[in-house]
Every structure is written in C-alpha cells, then in structure tokens.
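Step one of this worksheet: look at the structure below.
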Amino acid sequence: MTEQAINLDTFRAEVAGWLQENFPENLKGQGIAPFGGVEGDRVVEGDAALWRDRLASRGWGTPTWPADLGGGGLNHQEAKVLSEEMHQVGAINPIPLLAGMGVTMVGPTIMEYGTEDQKQRHIPGICSGKVRWCLGYSEPNAGSDLASLATKAEENGDHWLINGQKVWTSGADISQWCGALVRTDSSVKKRDGISFLMLKMDQPGVETRPIKLIAGASPFCE
C-alpha cells in the first residue's frame, strides 16, 4: 500500500469519526429541505444551522478552497473521500445552496482575479454559508447577448454610480451581495467595455422586485 493510500485511509477514518460526532441524526436523509429547499429562501435554524456552522468551521463546505480564506484546503482526492463519507451518513453540504452564486461563480472569480483585500473581505463569508450572492447579468434587452447590456457604471471618487436594470436574477431578494456586469467604457467595442462590480443589495438606490411565476413561486427577480 502506498503512502498516499495510507494517508487517504487515515483521512477517511478522521472524517467518519468527525461526522459521527457532529452530524445531527435528525437531518439524515432530509436533503436540502431544512435549508430552504431549492430556493434556499427560509431562515436556517436549529440543527440545520448547527450543521452549517460545524461544517464551515472545518472549511468543508468549500473543501478545496484555501484554508486561510475559510476553505478546507483539501486536495481533490481528499474532497472525494469527504463527499463519500457524507453520503454514507446521509449528510449534505448545504453551503453551496446557502451562498447562492457565491460558491459556483463569484468566489472562484474573486480568487482568480480579485485583490488580496477583496479575497479577505468576501471569501470567508461565502465559506461560512451566511453570505448569499446573486448575479446581475441579464437585462430586459440583453439576455444571451450580454455584450448588449446597457447598465452603466461611472467612477465617482471612491465609489461607482450604477444606473440600469437587471432581470431574471435568481435569489436577488434574499442575497446580501450581487456580482454585476456593467458597462464602464462606451468608447470601445461593446464586448470590451464591460466590468464585473460587486455591490451590496441593501444600500440606497437598489430596488428588488420578485417575478412571480405561474406556479406561484418567485425564484427570479428584477
């Protein structure tokens, strides 16, 4: 047996023991329901909140992300072992659901292109599952053709002034932050004058309206 295999076996035993001690038994097999279901739009409390916080304390909600930013610091083989052991006990990882677009889109973008200050400010919140992100991409006249977006942002001292409208934004009404594509330069080709800005959803001037679908749910907003 190779040293790598021995290390993975040791890690598997560690994960199994930790899950036995920390995963609430009454969440077994319940899937995402205790965390707000598909939309993740309910307050997380009780054992669901306890499990979220315990998982985040190990960084295992974002297992391969850097440990110094709140992730688990695991390699892909270790992350696979973690996933297998969680499946064995009927546990799920709720943090990608609770963080909205934070885990799948915004976090990786910040880690790849963001400043150190931006990483330290935003990544730990995503890893905790307590800060939810939405994406402001589509507009009334710019859907699949994002290069036609019209929302503009202009520098004004130490901040940006943004004017425009986004639509079909999943979870905008329950998100604390938005990663938005905006036009910052109209003098170049339209596909080249676009920037990615991060904005707080609770600041003055930001208005969110849920779009009610025929079945009654409102997963999208404008």
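End of the sequence shown sits at 223 in the working numbering; the numbers just go up one at a time, nothing left out.
The beta-carbon is built from N, C-alpha and C at its ideal position, and this holds for glycine as well.
Model, not experiment: these values are computed from the prediction.
For residue 56, same chain residues with a beta-carbon under 7 Å away, outside a window of 5 residues either side, are 62, 94 and 96 in chain order. Residue burial annotation: residue 160 is exposed, with fewer than 16 other C-beta atoms found within 10 angstroms of its C-beta. Just measuring C-alpha positions, the residue of 130, 20, 28 and 102 sitting nearest residue 179 is 102.
A direct Cα-to-Cα measurement between residue 131 and residue 99 gives close to 7 Å.
In the three-state reduction of the DSSP assignment, residue 201 falls in the strand class, which pools E and B. Annotation for residue 52: 23, 24, 25, 28, 92 and 95 place their beta carbon closer than 8 Å to its own, counting only its chain and skipping 5 residues before and after. In this structure residue 181 is buried. Its beta-carbon is surrounded by 16 or more other beta-carbon atoms within 10 angstroms.
Taking each of 199, 183 and 201 in turn and checking the Cα distance to residue 193, the smallest one comes out for 183. Residue nearest to residue 168 within the set 32, 213, 119 and 67 is 213 (criterion: CA-CA distance).
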